[in-house]
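Going by our numbering, the sequence shown opens with residue 21, and the numbers climb by one from there.
Contents: one structure, followed by commentary.
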Amino acid sequence: MMTLRQIRHFIAVAETGSISAAAQAVFISQSTLTLAIQQLEQDIGVLLFNRHAKGMTLTHQGHQFLRQAHLILATVDNAKRSLQQSTDQVSGQLTIGVTSLVAGYYLADLLTRFQRAYPNVALRVVEDERPYIEHLLVSGEIDVAVLILSNLEDRMALQTEVLTHSPHRLWLPAQHPLLEQDSISLADVAEQPLIQLNVDEMEHNARRMWASAGLQANVSLRTASTEAVRSLVAAGLGVSIQPDMTYRPWSLEGDIIEARPLADLNQTLDVGLAWRRGTARPALVDPFLTVAREQPAGGRKHSI
Numbered sequence: 021m022m023t024l025r026q027i028r029h030f031i032a033v034a035e036t037g038s039i040s041a042a043a044q045a046v047f048i049s050q051s052t053l054t055l056a057i058q059q060l061e062q063d064i065g066v067l068l069f070n071r072h073a074k075g076m077t078l079t080h081q082g083h084q085f086l087r088q089a090h091l092i093l094a095t096v097d098n099a100k101r102s103l104q105q106s107t108d109q110v111s112g113q114l115t116i117g118v119t120s121l122v123a124g125y126y127l128a129d130l131l132t133r134f135q136r137a138y139p140n141v142a143l144r145v146v147e148d149e150r151p152y153i154e155h156l157l158v159s160g161e162i163d164v165a166v167l168i169l170s171n172l173e174d175r176m177a178l179q180t181e182v183l184t185h186s187p188h189r190l191w192l193p194a195q196h197p198l199l200e201q202d203s204i205s206l207a208d209v210a211e212q213p214l215i216q217l218n219v220d221e222m223e224h225n226a227r228r229m230w231a232s233a234g235l236q237a238n239v240s241l242r243t244a245s246t247e248a249v250r251s252l253v254a255a256g257l258g259v260s261i262q263p264d265m266t267y268r269p270w271s272l273e274g275d276i277i278e279a280r281p282l283a284d285l286n287q288t289l290d291v292g293l294a295w296r297r298g299t300a301r302p303a304l305v306d307p308f309l310t311v312a313r314e315q316p317a318g319g320r321k322h323s324i
């Protein structure tokens, strides 16, 4: 039967990418750790790692199991926390990096839940562009970051975990002709004036999306304001492709915004955590990771 020790050993190997480094992290011999991973793979009946000369990399099933492993440990930690010493005895400062789009639509709920669980921990939040947040993580100037993971560059230096997959949909004004179609494609959108959100590398993601589809977007306006995108779409000045985490069905002026899926677009915006790989984490990072992995009331927001 699978044990919590096996799960912790699996996470250690997944985070370090090698048996030797993981063995040092969990204070057991390499042979014992190798046997534990092999036994875990036999117990669940799938191959979790690809073995190669430079170390261990997760298989597709391994990535899926890693997410569930974190949730299992978070649940156990929550149960222990409710029975043992009060979390109000935990104190210190946690420095969190965040990018602007995530700050506006994801951070408030996460920080609120963490402060409720750890009222005596002081939170310091640094908001900046993704490359600078990566630099601060690698240099140890911030402890953990909450950001869009799609464009991370220094993946060898950072450990990441996706918290939310946010699908993209097409935003349209009420009574737009495309609303009458049973199915809408990117080719249909390419014929329309497009409002492009230009913040948190969203335009970079959009260019990659259009290039992979072999199409050219008809961008009529760029803005760094999501509220401006809402108002412009609702006013009938264009359409826009946006992640569901930013959607609500009205503009500031009170006009209706419709949202429809695109038949040939499966790309999601992945929001998650990043922290420095391979070194001892600051003491307050683990409690933060545990709270972040918890399901908020009503479940995590995957789509509207």
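Yeah, the Cβ is synthetic: ideal placement off N, Cα and C, and Gly gets one too.
These numbers come from a predicted model, not from an experiment.
Distance between residue j and residue i (C-alpha atoms, nearest Å)
i           : j           : result
residue 300 : residue 140 : 22 Å
residue 313 : residue 179 : 15 Å
residue 246 : residue 217 : 7 Å
residue 283 : residue 233 : 12 Å
residue 221 : residue 58  : 41 Å
residue 210 : residue 30  : 45 Å
residue 259 : residue 129 : 29 Å
residue 75  : residue 87  : 21 Å
residue 167 : residue 47  : 32 Å
residue 306 : residue 292 : 15 Å
residue 244 : residue 207 : 25 Å
residue 249 : residue 24  : 47 Å
residue 79  : residue 89  : 15 Å
residue 204 : residue 99  : 46 Å
residue 150 : residue 172 : 8 Å
residue 228 : residue 34  : 29 Å
residue 308 : residue 263 : 25 Å
Cβ shell of residue i (< 7 Å), same chain only, five flanking positions each side left out
i          : result
residue 54 : 39
residue 36 : 42, 45, 298
residue 50 : 39, 40, 43
Neighbourhood of residue i by C-beta, 8 Å cutoff - its chain only, sequence neighbours within 5 removed
i           : result
residue 22  : 60, 63, 64
residue 77  : 37, 69, 70
residue 199 : 192, 278, 280
residue 296 : 157, 158, 160, 177, 178, 179
residue 28  : 46, 93
residue 182 : 87, 169, 290, 291, 292
residue 91  : 313
Whether residue i touches residue j by CB criterion (7 Å)
i           : j           : result
residue 127 : residue 290 : no
residue 215 : residue 252 : yes
residue 56  : residue 45  : no
residue 185 : residue 288 : yes
residue 294 : residue 165 : yes
residue 219 : residue 121 : yes
residue 142 : residue 113 : yes
residue 137 : residue 311 : yes
Close beta carbons around residue i, own chain, < 6 Å, minus the five adjacent residues each side
i           : result
residue 254 : 193, 271, 275, 277
residue 26  : 56, 60
residue 261 : 188, 190
residue 162 : 115, 117, 146, 156
residue 239 : 214, 216
Contact test: residue i Cβ vs the ligand FMN heavy atom, cutoff 6 Å
i           : result
residue 134 : By its list of ligands, the structure shown contains no ligand whatsoever, and the ligand FMN lies outside what it can speak to.
Beta bridge counterpart(s) of residue i as assigned by DSSP
i           : result
residue 238 : DSSP output for residue 238 lists no bridge partner at all.
residue 76  : 71
residue 144 : 115
residue 166 : 118, 293
residue 181 : 293
residue 278 : 192
residue 261 : 190
Query - the segment 72 to 84 in contact with the segment 253 to 272 per 3-pair CB rule at 8 Å - result: The count of Cβ pairs closer than 8 Å, one atom from the segment 72 to 84 and one from the segment 253 to 272, stays below three, leaving the stretches out of contact.
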